[in-house]
Amino acid sequence: MAALFGHGRLRLYLLQLLAESPRHGYEVIRLLEERFRGAYTPSAGTIYPRLAKLAADGLVRQTTTGGRKVYALTEAGARELASRRGELAELDRELAPALARAAEKRGVRGESGPRPARATPGPTPETGRPHEAAERLRELERLLDTVRDEVRDAARDHGIGEAELRTARRLLAETSAHLVAIMTAPGVYRGTDGGP
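Each residue of the sequence shown is one higher than the one before, counting from 1 in the UniProt record's numbering.
Structural data, given as structure tokens:
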């Protein structure tokens, strides 16, 4: 992130995204990745705390819709964004060369940008292209991050008793075992969208 966003600049960019439309955290993560053409893929651990801080500062409003926290710009957030339009334009100018360098790196080495991948899978049986396998791995990591964050937020907001913890242990163990079976079963689930 340091290569693209200096101190406080990600906060400003998040305000800009929320000025366009209310969004939930996972949508913000995906939109950032899309806007930066894969050169910047923020983790849930980067985005959710910043959204919570913006809410605590009164710059965004947090509501829950369909079990997801949705963040929308408040009047105070709109005023801050308006007062920093020049800084936002400067940020856009500064990001352009960093994005060009990241795109060049990706073209030369097949990497996803300045943020190193957690793992670099080899060619997959169905495609033979490592970059597609790496993208699927990143998508899986984002899904797992989202589940973790949503469950943690619910437990923090509503409390968690021994019965809930027992149920969580059981469900996570079952889900983990099932997902590992899907990932390791040769040919059973490969290339299908639905699974069992």
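Ideal placement from N, C-alpha and C gives every residue a C-beta, glycine not left out. Because the structure is a prediction, the values reported are computed rather than measured.
CA-CA distance, residue i and residue j?
i, j, result
"Thr167", "Gly161", "10 Å"
"residue 207", "Asp57", "Past the edges of the chain, shown from 1 to 196, lies residue 207, and the structure says nothing about it."
"Leu51", "Gly25", "8 Å"
"Ala44", "Val28", "10 Å"
"Tyr40", "Leu10", "11 Å"
"Glu174", "Ile47", "29 Å"
"Arg169", "Val151", "12 Å"
"Leu165", "Arg68", "21 Å"
"Val60", "Arg156", "20 Å"
Take the Cβ of residue i as the centre, count every other Cβ of all protein chains shown within 10 Å, and call the residue buried at 16 or more, exposed below.
i, result
"Val108", "The pLDDT assigned to Val108 is 37, lower than 50, so where the model puts this residue is not dependable, and the model offers no usable value."
"Gly77", "buried"
"Glu34", "exposed"
"Leu171", "exposed"
"Leu73", "buried"
Kindly indicate the opening and closing residues of the beta strand (DSSP E) around residue i.
i, result
"residue 251", "Lying before the first or after the last residue shown, residue 251 is absent from the chain, which here runs from 1 to 196."
"Ala72", "68-73"
"Leu61", "A small fix is needed here, since residue 61 is Arg in this sequence, not Leu. Taken as a continuous stretch (DSSP letters only), the beta strand (DSSP E) holding Arg61 covers 60-65."
Give the C-beta separation of residue i and residue j to the nearest angstrom, bearing in mind that I take them to be a contact with Cβ-Cβ under 8 Å.
i, j, result
"Leu31", "Leu17", "6 Å"
"Leu12", "Glu87", "6 Å"
Taking 9 Å as the cut-off, decide whether the C-beta atoms of residue i and residue j are in contact.
i, j, result
"Ala55", "Tyr71", "yes"
"Phe36", "Leu95", "yes"
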